[in-house]
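Each residue of the sequence shown is one higher than the one before, starting from 1 at the first, in UniProt numbering. Where is the CB? At the ideal position from N, CA and C, for every residue including glycine.
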Amino acid sequence: MELLRAHHETARSRLPQAVYDYFAGGAGDEQTLAENVSAWRDRWLVPRVLTGVGAADPAVTLLGARLASPVLLAPVAAQRLLHPEGELAAARAAAAAGSVYVLSTRATTDLADVAAAAPAGDRWFQLYVGPDPAAVRTVLARAAEHGYSHIVLTVDFSVAGRRERELRHGPVPFPPGVGLATHLGHAAADTAKPPVGGWRALSWDDVAWVREASGLPVLVKGVLTGEDARLAVDAGACAVIVSNHGGRQLDGCLPTAVALPDVAAAVAGTAPVLVDGGIRDGGDVVRALALGAAAVLVGRPYAWGLAADGEAGVRAVLDALREDTARALALVGAGSPAALTAAHVRRRP
């Protein structure tokens with residue numbers, strides 16, 4: 001989409017190189033980063049004609065909430081490196097667009113301030129589990145207190161991937177007055193520092209623990225196989241998110257478009273499946289929905305919108321994706337996301 005490309009170019013020209021590479025880069029040789037995008041385009045859209053569909057409505061109901069479109073804002077760390085208002089601007093844009101904002105544990109704005117900036121918006125809190133259970137309990141209780149409706153438990157980050165661009169530049173220091181929020185009871189001087197003691201190695205038991213500690217429903221993010229999706233639901237997850245961390249963890253792993261059908265089939269009828277990674281226009285959204293996703297999340301597209309034009313840039317990205325999704329739905333002959341089936345997508349031979 002031209003708008004997304006324009007925002008990307010503006011961000012690239014405006015941001016310091018080290019900051020740009022922190023957000024743009026992936027792990028290893030960035031094979032997965034590239035294939036996350038190309039894998040969607042390896043699937044053709046298959047239109048059905050004479051369906052009586054004119055304009056389509058892209059709205060969806062997800063986990064009890066009615067959303068204007070199936071596009072959510074994924075957790076992205078350190079957004080004040082992109083724009084002075086960072087997470088506040090993104091949360092306001094999501095609320096205004098009728099979407100969901102997922103706040104990162106490694107945000108540069110405290111969760112209470114984000115909640116106050118967009119009190120009417122639907123917001124979820126993404127959790128990295130640090131080594132101190134008391135600190136994790138505290139942040140989960142604060143998330144519940146401040147109106148976050150769901151916890152997104154990221155499960156593919158026991159260690160950080162080898163991100164060559166970041167290694168070339170070194171850790172990205174924060175400018176004066178900016179730092180990671182003390183969501184896990186500590187501060188950090190740059191984007192690379194894990195909590196003291198490192199990240200905790202997780203097991204399926206942690207899904208139930210996070211549910212109990214927060215009192216909130218939990219989505220498990222980082223699932224790439226049907227077997228793990230079933231285990232996540234058996235462990236108490238209300239939904240699973242097909243994700244490879246935007247290609248930033250294990251290079252050479254499954255693109256999310258390839259992983260999605262097996263995951264969706266494994267938990268069909270028991271829990272909704274969301275997907276992120278490489279979604280760049282409404283056609284990609286429709287591909288994901290036809291392959292079994294209930295909704296999608298985008299990260300870099302709105303990060304570039306934030307860098308280019310703050311809140312207005314993020315809102316423009318959400319509006320453009322909603323409109324393009326509606327157009328793609330109509331052109332494949334589906335009046336709504338619910339009308340899509342696997343027959344609307346065919347994989348290239």
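Item                                                                                                                                                                    : Value
Using three-state DSSP, classify Ala-189 as helix, strand or coil.                                                                                                      : For Ala-189, the predicted model reports a pLDDT of 49, less than 50, meaning its position is unreliable; a value from the coordinates is still stated below. Coil, per DSSP.
Looking at the unbroken beta strand (DSSP E) that takes in Gln-126, where does it start and where does it end?                                                          : 122-127
Would you report the Cα separation of Ala-259 and Asp-110, rounded to the nearest angstrom?                                                                             : 34 Å
Can you say whether Trp-209 is buried or exposed, counting buried as having 16 or more other CB atoms within 10 angstroms of its CB?                                    : buried
Counting Cβ pairs closer than 8 Å, one from the segment 326-338 and one from the segment 40-54, do we hit at least three?                                               : yes
Figure out for me which residue from Leu-340, Leu-140, Asp-234, Trp-304 has the closest Cα to the Cα of Gly-292.                                                        : Leu-340
Under 8 Å, with one C-beta from each stretch per pair, do the segment 28-46 and the segment 307-325 reach the 3-pair mark?                                              : no
Where Thr-136 and His-344 are concerned, what is the direct C-alpha to C-alpha distance, given to the nearest angstrom?                                                 : Note on identity: in this sequence residue 136 is Val, with Thr being the wrong assignment. If I take the Cα positions, the gap works out to 43 Å.
Could you pull out every residue in the same chain whose Cβ sits closer than 7 Å to the Cβ of Ala-237, ignoring the five residues on either side in sequence?           : Val-207, Val-218, Leu-219, Val-220, Ala-271
By Cβ distance below 6 Å, which residues in the same chain neighbour Ala-65 in space, the five residues on each side in sequence not counted?                           : Asp-122
If Leu-15 sits next to Gly-26, beta carbons under 8 Å apart, how far is it from one beta carbon to the other, in whole angstroms?                                       : About 17 Å; that fails the 8 Å criterion.
In whole angstroms, what is the alpha-carbon distance linking Ala-189 and Arg-347?                                                                                      : Since pLDDT at Ala-189 reaches only 49, below the 50 mark, its modelled position is unreliable, and the value read off the structure follows with that caveat. Cα-Cα distance, rounded: 46 Å.
Quickly, what does DSSP pair Val-71 with across the bridge? List them, please.                                                                                          : Val-296
Looking at the strands, I want to know which residues DSSP matches up with His-83.                                                                                      : Looking at the DSSP assignment, His-83 forms no beta bridge with any residue, so it has no partner.
Starting from Val-220, trace the beta strand (DSSP E) in both directions and tell me its first and last residue.                                                        : 218-223
In angstroms with no decimal places, state the Cα-to-Cα distance between Leu-140 and Leu-331.                                                                           : 43 Å
Please report the residue range of the alpha helix (DSSP H) in which Val-172 lies.                                                                                      : Looking at the DSSP string, Val-172 is not in any alpha helix (DSSP H), and its letter there is neither H nor E.
For the putative contact between Ser-149 and Leu-216, defined by C-beta atoms under 8 Å, what is the C-beta separation to the nearest angstrom?                         : 7 Å
Which of the three DSSP states is assigned to residue 358 in this structure?                                                                                            : The chain is shown from 1 up to 349; residue 358 falls before or after that span and cannot be answered.
For Leu-289, collect the residues of the same chain with a Cβ closer than 7 Å to its Cβ; drop the 5 residues on either side in sequence, then sort them by chain order. : Pro-70, Pro-337, Leu-340
Distance, Cα to Cα, Val-273 vs Ala-229?                                                                                                                                 : 9 Å
If I measure Cβ to Cβ from Met-1 and keep anything under 7 Å in the same chain, skipping five residues before and after, which residues do I get?                       : Arg-280, Asp-281, Ala-320, Asp-324
Quick check: what's the CA-CA separation for Gly-278 versus His-7?                                                                                                      : 16 Å
Please classify Leu-99 as buried or exposed, where buried requires at least 16 other C-beta atoms within 10 Å of its C-beta.                                            : Here residue 99 is Ser; the residue named in the question, Leu, does not match the sequence. By the 10 Å Cβ count, Ser-99 comes out buried.
Given a cut-off of 8 Å on the beta-carbon distance, is the pair Gly-226 and Val-263 in contact?                                                                         : yes
Leaving out the 5 sequence neighbours to the left and right, which residues in its chain are closer than 7 Å to Val-76 when beta-carbon positions are compared?         : Ser-104, Gly-299, Ala-303
Determine the contact status of Ala-74 and Ala-308, defining contact as a CB-CB distance below 8 Å.                                                                     : no
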